Amino acid sequence: MNTKEVIKPAVVLLIIASVAAAALGAVQSITAEPIKIQEEQTRAASMKAVMPDASNFEEITDVELTGSLTAIYKADNGGFVVTAAPGGFGGAVDTMVGIDAEGVITGLRVTKHAETPGLGAKATEPDFYEQFTGKSGTLAVTKDGGEIVPITSSTITSRAVASGANEALEWFAANGGAY
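So the sequence shown is residues 41 to 219, counted in the working numbering.
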């Protein structure tokens, strides 16, 4: 086999790979901003859903996030929106919790997850997440002596959501008055 027979296919492959990489980079740069805008709109809608009496939210950046907490936002009505990502069955279960000035949950939403469709994914349904509204203190599923009815066959996911709510409530109890 001569050198030309070896080099020519390698050069062709290099050119094809370079063109594909350039195309992928171009698509990423074109779609990055619309994706960011969509994510911000989704986050804003979720915040409004968990804290309906507020119209403006400001992220608190000078706070130490512990456990699975991912962000804290102060609402213009004196409450807070706390996000957490506790571990569920299929990975992190991103949870957003609204807490009023008295430390009572005003709403909860699961904003992102990789749970089993038809089972753990039911954490995004009102029948499950509305159980948290109006609650305070330490929350647990009924199997653990609490009052949150877990999703059938998805106790791990249900516990993860309760854990995220508990971490949010614990943060509020320790820090809410400081902001």
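Virtual Cβ for every residue (Gly too), placed ideally from N, Cα, C.
Note that the coordinates shown come from a computational prediction; the quantities given were computed from them, not determined experimentally.
Buried or exposed (CB count within 10 angstroms, at least 16 for buried), residue i
i: G138; result: buried
i: Y219; result: exposed
i: T82; result: exposed
i: E207; result: buried
i: G216; result: buried
i: S95; result: exposed
i: T228; result: No statement about residue 228 is possible, as the shown extent of the chain runs from 41 to 219 and does not include it.
i: Q68; result: exposed
i: Q78; result: exposed
i: L53; result: exposed
i: L64; result: exposed
i: E155; result: buried
i: A62; result: exposed
Rounded distance between the beta-carbons of residue j and residue i, thought under 8 Å
i: F129; j: G160; result: 5 Å
i: D167; j: H153; result: Actually they do not touch by this definition, with Cβ atoms about 16 Å apart.
i: G204; j: S108; result: 7 Å
i: V201; j: S176; result: Between S176 and V201 the Cβ distance is about 16 Å, and since that is not below 8 Å, they are no contact.
i: G118; j: A141; result: 4 Å
Sheet register partners of residue i (DSSP bridge)
i: A124; result: L109 and T135
i: L148; result: V137
i: I188; result: V181
i: A115; result: F97
Contacts around residue i, its chain only, beta-carbon distance under 8 Å, and the 5 residues preceding and following it disregarded
i: T182; result: I188, V189 and P190
i: A66; result: none
Contacting residues, own chain, Cβ-Cβ under 7 Å from residue i (five flanking each side not counted)
i: A89; result: G147 and R149
i: S86; result: M136, R149 and T151
Close Cβ partners of residue i (< 6 Å) along its chain, the five nearest in sequence each way excluded
i: D93; result: N117
Point to revise | Validate contact between the region 194 to 203 and the region 109 to 116 using beta carbons, cut 8 Å, 3 pairs | key: They do not touch, by the three-pair rule.
Check your understanding: Would you call the region 118 to 126 and the region 196 to 215 touching, i.e. three or more CB-CB distances under 8 Å?
Key -> yes
Check your understanding: Are the region 169 to 185 and the region 94 to 108 touching, with three or more C-beta to C-beta distances below 8 Å?
Key -> Contact fails: fewer than three Cβ-Cβ distances are below 8 Å.
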